[in-house]
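Numbering (this note's numbering), first residue to last: 29 to 282.
Reviewing the structure listed below.
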Ligand code: ADP
Ligand code: MG
């Protein structure tokens with residue numbers, strides 16, 4: 029058996045008295061695409077934030093590529109990670125948000141080379157070369173010198189994807205990457221994500237784009253109230269949902 033890229037076992041998270049994740053179980057194998065669906069407030073973003081070390085867990089275990097999130101194993105015991113160790117682990121995970129969060133005062137090229145140069149200490153020439161390859165890949169080879177404000181939302185989101193890929197992540201998390209876009213710009217971003225999936229990237233994607241989920245996902249997970257209601261192939265969960273709650277949700281988004 030290969031190690032899961034992401035393995036969640038009874039993951040719990042509360043904010044004060046509000047239990048937002050109530051025992052999430054999930055397995056994502058290397059190279060798989062997992063689409064997370066669920067109504068607003070069901071805990072999707074919180075779960076991604078847990079995977080990316082942005083939240084601490086209140087229960088259960090979560091591992092990325094076999095390594096527990098938040099802890100380090102030593103001599104059979106677990107120790108809480110120090111901030112510097114967290115930073116190192118987070119580099120292996122790329123995250124793309126609804127809002128593009130590009131640095132407005134930097135060009136597209138500088139946005140992409142910033143972390144490889146300053147965090148990974150790559151030589152500038154090498155980082156630029158790689159950025160050019162990534163820009164080609166997201167269809168923006170001609171925009172290297174542009175500033176984010178000069179780009180459409182779809183172009184900015186493709187730059188955000190290229191910027192995340194520049195860190196050579198082993199896992200990519202997408203939190204509603206097309207929700208803030210005008211409808212005519214959604215397709216170009218989904219196309220880039222489709223290519224990435226075809227290229228073998230492990231991805232967890234929170235999305236309401238059912239076409240994308242049904243074509244690209246290996247696994248679809250429906251969350252409600254901080255718990256997994258249903259999980260399976262797109263044909264199972266989207267085509268023939270077992271749960272009334274899944275059916276009610278799908279009838280609203282489809
Ligand atoms: P989703 O992404 O599925 O819409 P979220 O994970 O953003 O859901 O939120 C799940 C629940 O947790 C919501 O009720 C939200 O208000 C609450 N929540 C999220 N983050 C915080 C926080 N930092 N403090 C308090 N409550 C939070
Ligand atoms: Mg969310």
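For glycine and all other residues, C-beta sits at the position ideal for the given N, C-alpha and C.
I'd like the list of long-range same chain contacts for residue 245, defined as Cβ closer than 7 Å, with 5 residues on each side in sequence excluded. 61, 62, 63 and 262
Cutoff 7 Å; reference residue 134; Cβ partners in own chain excluding five residues on either side: 142
When you compare each of 119, 136, 47 and 72 to residue 148 by their alpha carbons, which one comes out closest? 119
Ranges of the beta strand (DSSP E) found wholly within the segment 73-160, counting only runs of at least 3: 87-92, 99-102, 105-108 and 121-124
Shorter than 6 Å, the distance from the beta carbon of residue 72 to the closest heavy atom of ligand 2, or not? yes
Could you please give the first and the last residue of the uninterrupted alpha helix (DSSP H) stretch that includes residue 181? 181-193
For residue 209 versus residue 239, is the C-beta spacing smaller than 7 Å? no
Distance check for residue 185 and residue 126, CA to CA, integer angstroms please. Taking the Cα positions, residue 126 is about 8 Å away from residue 185.
My assumption, with CB atoms under 8 Å, is that residue 290 sits in contact with residue 132. Please give the rounded CB distance. This structure gives no information on residue 290, because the portion of the chain shown stretches from 29 to 282.
Per DSSP, which one or two residues make a beta bridge with residue 203? 234.
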